[in-house]
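Take a look at the structure set out below.
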Amino acid sequence: NEASIPLPIPPGDWLGMIGGGQLGRMYCHAAQSLGYKVAVLDPDAQSPAGAVADLHIRAAYDDPVGLRQLAERCKAITTEFENVPAQSLETLASVSLVRPGAHSVAIVQDRIREKAFIESTGVPVAPYAAIHAQQDIDAVPEDLFPGILKAARLGYDGKGQARVNTREEARQALQAFGGVACVLEALLPLASELSVVMARAADGQAVFYPSARNEHRDGILAVSIVDAQLADQAIAIQAANAALAIAEGLRYVGVMCVEFFVLQDGRLIANEIAPRPHNSGHYTMNASVCSQFEQQVRVTAGMPLGDTASLCSVVMLNILGDVWFDRASGLKREPDWTAVLAVPGAKLHLYGKSEARRGRKMGHVNVLGATLAEAESAASRVALALD
Ligand code: ADP
Ligand code: MG
């Protein structure tokens, strides 16, 4: 079917997005800026992407009528999250171009398949075992403890994970997860975390953004830092090569992110793959020639890949729902946006979510600087303004 759709798809035509979250919203903005129209499939009437889409098809991700409407309208369709039923992508692919394809998403949405696949490309992963039932926990080697039990499917932002110090704790955690398929992986001594956002076109051409250094709090990304001067350090090159091996192994078409751990002994370990733009790539919206969302539009439409060069150094700060709660009293309040916008170099992005909840991603700020030191000092002013 790839062949039957004339490429590139020109501005003015429709592109499809499965998923109505913030990643879908930022995709809509980028597509509309290039003159495309976007149809979003999402069941939620209040979804951040549905609110800005040219057409919001309010239906479940596996609803045959919704899927048909999307495919009839859009020559090319992409996704903003990995939990789209792979079957839905198959169905859409009989009518439209679907990027990334069902095959890639099916692997990445299941941690067991994902880990085995990454290993098969020669890229190292954390020592792990697939857990399908309690007996599997009895059999895992002792050196997986202390470890992390992760549900194989549907986890995000540290949800569906439990730190387990002992085999007994792993048994309890598995029971608490309702016995779903999991991976048990060793808790590794991390020196740092980094990620690579890249795009791969149908002809195999690939581009990479400078890797971001990521800091997590409570399993949720808090800060990503990109030093424009450090784009070619050895570990970043190693990470980009690993990401390329993974993308080629998947015959991936689209924007993709690989999260990595850097261990205290300097080794690079792949953690997980996102078959879409990634929170750690939000910095590209203001600090790169072509943002990761414009990149996703280009690759979906079969247009030339965009320039991933950095324009400046940048610190990206996530805004979680927590900042809507006064630290002292715990009472709800509106964050001080005036103070944020008063910081030179600060670019505020809010996702239009109606309800602020603790741990919920509500927006982010890209803080730009000519040097990393400049971006970092402005970022600390933004952090103070949000505190
Ligand atoms: P999610 O899908 O929620 O992003 P991850 O597997 O990426 O799940 O885990 C979230 C975070 O938890 C990671 O970014 C890292 O900080 C920490 N983490 C996950 N696995 C390990 C591990 N094996 N060793 C040490 N830290 C880990
Ligand atoms: Mg992660």
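To convert, note that position 167 of the sequence shown is 168 in the UniProt record's numbering; the numbers rise steadily by one, no gaps. Glycine is no exception: its CB is placed at the ideal position from the N, C-alpha and C atoms. Predicted, not measured: the structure shown is a model, and the values here were computed from it.
Status (buried if at least 16 other CB within 10 Å, exposed otherwise) for residue i
i: L342; result: exposed
i: G123; result: exposed
i: residue 1; result: The structure shown does not extend to residue 1, since the chain is modelled only from 2 through 388, so no value can be given for it.
i: Q267; result: One point to set straight first is that residue 267 is Gly, not Gln, in the sequence displayed. So G267 ends up on the exposed side.
i: E194; result: buried
i: I247; result: buried
i: Q88; result: exposed
i: R74; result: buried
i: G13; result: exposed
i: D45; result: exposed
i: R32; result: It should be pointed out that residue 32 corresponds to Ala in this sequence rather than to Arg. With 16 or more other Cβ atoms within 10 Å, it is buried.
i: Q136; result: exposed
i: G346; result: buried
i: H283; result: buried
i: H57; result: buried
i: P101; result: buried
Helix, strand or coil at residue i according to DSSP, with G and I counted as helix
i: S314; result: strand
i: V85; result: coil
i: S378; result: helix
i: A52; result: coil
i: T339; result: helix
i: F326; result: strand
i: V181; result: coil
i: C29; result: helix
i: F146; result: coil
i: R201; result: strand
i: G370; result: strand
i: residue 1; result: Because the chain spans 2 through 388 in this model, residue 1 falls outside it and cannot be assessed.
i: G360; result: coil
i: Q162; result: strand
i: H104; result: helix
i: G22; result: coil
i: I6; result: coil
i: T92; result: helix
i: A127; result: coil
i: A153; result: coil
i: L189; result: coil
i: S281; result: helix
i: Q34; result: First, the amino acid is wrong: residue 34 is Ser here, not Gln. Residue state, collapsed to three classes: helix.
i: A77; result: strand
i: L306; result: coil
i: A237; result: helix
i: A46; result: coil
i: L332; result: coil
i: A40; result: strand
Segment limits, beta strand (DSSP E) that includes residue i
i: W15; result: W15 to I19
i: Q206; result: Q206 -> no beta strand (DSSP E), and no H or E assigned at all.
i: E216; result: A213 to R218
i: E356; result: It is not in any beta strand (DSSP E) - E356 carries neither H nor E in the DSSP assignment.
i: A275; result: L269 to A275
i: T167; result: Neither: T167 is in no beta strand (DSSP E) and is coded neither H nor E.
i: L264; result: G255 to L264
i: S225; result: I221 to V227
Same chain, Cβ closer than 7 Å to residue i, neighbours up to 5 away in sequence not counted
i: D308; result: V290 and C291
i: A288; result: V227, S311, L312, C313, V315, N367 and L369
i: V109; result: E83, E115, I274 and P276
i: A229; result: S311, C313 and S314
Same chain only: Cβ atoms within 6 Å of residue i, ignoring 5 sequence neighbours per side
i: V165; result: G148, L150, A171 and A174
i: G163; result: Before going on, a small fix: residue 163 reads as Ala here, not Gly. Contacts found: L150 and A174.
i: S355; result: Q47
i: A244; result: V197, M199 and V259
i: G364; result: I320, H350, L351 and Y352
i: V99; result: I78, L90 and L93
Integer-rounded CB distance, given that residue j should sit under 8 Å from residue i
i: L373; j: I221; result: Their Cβ separation, rounded to whole angstroms, is 23 Å, which puts L373 and I221 out of contact at 8 Å.
i: L191; j: I236; result: 13 Å between Cβ atoms; not a contact.
i: S121; j: G205; result: So it is not a contact: roughly 19 Å between Cβ atoms.
i: I113; j: A131; result: 5 Å
i: F262; j: L185; result: So it is not a contact: roughly 16 Å between Cβ atoms.
i: L16; j: A77; result: 6 Å
i: A203; j: V254; result: 5 Å
Residues near residue i in its chain [Cβ-Cβ closer than 8 Å; skip 5 each side]
i: A241; result: V197, M199, F209 and S212
i: Y28; result: M18, V39, A50, T79, E81, P278, F294, Q297 and V298
i: V66; result: A60
i: P86; result: Y62 and D63
i: R361; result: L321, G322 and K354
Within-8 Å CB hit, residue i to chain D
i: I108; result: The question asks about chain D, but that chain is absent: this structure has only one protein chain.
Residue range of the unbroken alpha helix (DSSP H) whose run includes residue i
i: M286; result: T285 to A288
i: K116; result: R112 to S121
i: T301; result: Q293 to A302
i: G346; result: Unbroken run through G346: none, as it is neither H nor E.
i: L71; result: P65 to R74
i: A140; result: Q135 to A140
Nearest-residue set for the ligand PLP, Cβ under 7 Å from any heavy atom: No copy of the ligand PLP appears in this structure; the ligands present are the ligand ADP and the ligand MG.
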